[in-house]
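Colleague: I am attaching a structure below and will ask some questions about it afterwards.
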Amino acid sequence: MPEFQIQHQPEQNLFFVPLDDGQSAFIKYRHSDDRSASSEVDFWSTFVPDSYRGQGLAAQLVDHAFAWAEDNGYHIRTSCWYAAKRMQARQQA
2 MPEFQIQHQP
12 EQNLFFVPLD
22 DGQSAFIKYR
32 HSDDRSASSE
42 VDFWSTFVPD
52 SYRGQGLAAQ
62 LVDHAFAWAE
72 DNGYHIRTSC
82 WYAAKRMQAR
92 QQA
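The opening residue of the sequence shown carries number 2 in the working numbering; numbering runs sequentially from there.
Now the structure itself:
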């Protein structure tokens with residue numbers, strides 16, 4: 002599995018990988034609007050261009066984003082189906 006260079010743009014609430022053909026893969030997140038849950042982050046959208054699918058890119062993005070959230074003390078919520086699938090796999094491991 003190739004190793005991708007993941008970048009973080011906190012001002013846009015996203016982690017992304019710039020790809021060779023000018024496209025990017027990304028995972029987007031948002032902080033909770035609920036003041037009582039200020040330490041919650043919701044990963045709500047993951048995208049990988051068709052030509053890069055099946056190479057483990059989405060898994061690396063999600064795992065990197067989860068590690069960032071955990072390192073910063075956030076409770077993780079997963080509205081994105083793929084992020085939810087990765088979270089479930091982590092919990093079963």
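Heads up, the beta-carbon is just placed ideally off N, CA and C, and yes, glycines get one too.
#1: In three-state terms, what does DSSP make of Gln-8?
#2: For Val-42 and Tyr-30, which I take to be in contact (beta-carbon distance under 8 Å), what is that distance rounded to the nearest angstrom?
#3: Considering only residues of the region 54-78, which uninterrupted alpha helix (DSSP H) runs meet the minimum length of 4 residues and lie entirely inside it, listed in chain order?
#4: What's the gap between the Cα of Thr-47 and the Cα of Ala-94?
#5: Which term fits Gln-13, buried or exposed, when burial requires 16 or more other beta carbons within 10 angstroms of its beta carbon?
#6: Can you check which of these residues, Ser-80, Ala-26, Asn-73, Pro-3, is closest to Val-49 by C-alpha distance?
#7: Output needed for Tyr-1: all residues of its chain with C-beta closer than 7 Å, excluding positions within five of it in sequence on either side, in chain order.
#8: Over what stretch of residues does the alpha helix (DSSP H) that includes Ala-90 continue unbroken?
#9: With contact counted as at least three CB pairs below 8 Å, one residue from each stretch, are the region 71-91 and the region 7-21 in contact?
#10: What residues are listed by DSSP as bridge partners for Leu-15?
Modeller: With the structure as the only source:
#1: strand
#2: 5 Å
#3: 58-72
#4: 22 Å
#5: exposed
#6: Ala-26
#7: Lying outside 2 to 94, the shown extent of the chain, residue 1 is not represented and no answer is given.
#8: 82-93
#9: no
#10: Gln-10, Lys-29
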